[in-house]
Structures are given as C-alpha cells and as structure tokens.
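Sequential numbering from 6 applies to the sequence shown in our numbering. The beta carbon of each residue, even a glycine, is placed where N, CA and C say it ideally should be. Everything numeric in this text was worked out from a predicted model, so none of it was measured.
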Amino acid sequence: MHVEFKGDYRTCTAQGTVDQTPPPSYESLYGRVKAAKQKSTSKAGFFVSFLGILFGTLGCTVCLGLLLALPIAMIAIGSMYIHDCPAERYIPIYLIVAGSVGIIANLMGLGKKAKNRNEPEEEQQENVKGNPLDYIINCFLLAWFIAGNVWVYRTHGHFSTDPTHTDFCHPTVYWFAFWGPGVGI
C-alpha cells in the first residue's frame, strides 16, 4: 500500500489493494462452544454439548487417523511371523484378520465423520442411528477379540522361544498379540 499526503494535513490518498477474503469464521470451535453454553440449561448439559463439539473437530479426526497405526502394526507383525508360531498357529492369523477388519472399521468411521462434517448440525442429529454394517463389524471384532484372547492366553507360559522346539512361538508375535490389542481397546 502506498500513502501520499498532498498539501494540508487533512488530505491524503492511499493506493493499493485491499484483502477481500472474509475474516476467520467464529462459527468454528469458539462459536459452537459459545452457542452450546447459551443453549444449555445446566453445567452437565453444557459439558455433554462441549464433548460432542470437541469430538466433532479435526483434532479428533487426526486422533482417529493415528488409531490406524495399531491395525497396520498388527497386519505387519502377523504377516512377518505367519509361520513362526507353531505352538498356536492362529495367533499370527488373529493379528492379520483383526488388523484388516480394524482398518476397515476405522476408515468407515473416518468416512462417516467426513460426510457429516459438511452437513448442518440438525441433519447430523437426525443421522444418529448407525449403519448396520458398523454393528456387524463391531460384533465380529468383539468375537474375534475373544477368540484371539483364547489362543493367546492358552499359550501363555506354554511356548518356547527356541525355534527347534515344536511349541515354538516367536516372542515378537506372541507378546505383540498379548499386549497390542488389549492396549488398543
């Protein structure tokens, strides 16, 4: 911008461009929290609304994206050690299947989140009922988690780390199956 003063101090001209972009929207997180506070009749009601807003933000989406790390690690470790646990051959298979279905479930959740982000809040409230496929996947994951725990805990203390033994299970695949899914829940 160029400013020029001519003659007396009351006359000045300015040349340049003015930024025509609108200011940041306060309908973002701050505006939504403020509106929730005004609509709430109690502190508990505000807290519930605040949590709903917080879980609907980009930060939550990033956290859900980070949750993909565990399923990817499950697939990688299960695949790398697929033949390295004859003590319980289902442990690596458990990791591969649980990781694969976990990725599908997380991607479906992220997709639903992205779709709802562009809808007005009223429509999001109407679309609260879940997708039947979500229920099927979650039921499968629960059943698979139980089966995996049976395979893992049945082997606990009854496997060898010596590859020449018939009850061998590579420690990496066993201990990852023991701790990984439980920590991820």
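Kindly list the residues whose CB is nearer than 8 Å to the CB of residue i, restricted to its own chain and excluding five residues on each side of it in sequence; keep chain order.
i	result
Ile101	Met79, Ile80, Gly83, Ser84 and Ile87
Asn136	Met113 and Lys117
Compare the C-alpha of residue i against each of the options and name the closest.
i	options	result
Ile142	Tyr179, Phe150, Thr169 and Ala110	Ala110
Leu71	Val53, Thr46 and Gly114	Gly114
Ala92	Ser54, Pro176 and Leu147	Pro176
Ile58	Ile98, Lys118 and Pro76	Lys118
Gly185	Ala49, Gly162, Ile96 and Tyr140	Ile96
Under the rule that 16 or more other beta-carbon atoms within 10 Å means buried, what is residue i, buried or exposed?
i	result
Cys90	buried
Cys144	exposed
Thr166	exposed
Gly179	In the sequence on display, residue 179 carries Tyr and not Gly. By the neighbour-count rule (16 or more Cβ atoms within 10 Å), Tyr179 is buried.
Ala148	exposed
Gly104	buried
Tell me the rounded alpha-carbon separation between residue i and residue j.
i	j	result
Gly107	Cys68	15 Å
Ala74	Ser47	39 Å
Tyr31	Gly64	Since pLDDT at Tyr31 reaches only 48, below the 50 mark, its modelled position is unreliable, and no value is offered.
Thr171	His163	11 Å
Asn154	Tyr140	21 Å
Ala182	Ser45	45 Å
What does DSSP give as the partner residues of residue i in its beta bridges?
i	result
Phe173	Ser165
CB-CB under 7 Å to residue i, same chain, minus the five flanking residues each way: which ones, in chain order?
i	result
Arg42	One detail in the question is off: residue 42 reads as Lys in this sequence, not Arg. Correct list, in chain order: Phe51.
Val38	Phe55 and Ile58
Got a sec? Which residues, its chain only, sit under 6 Å from residue i by beta carbon, not counting five neighbours each side?
i	result
Ile77	none
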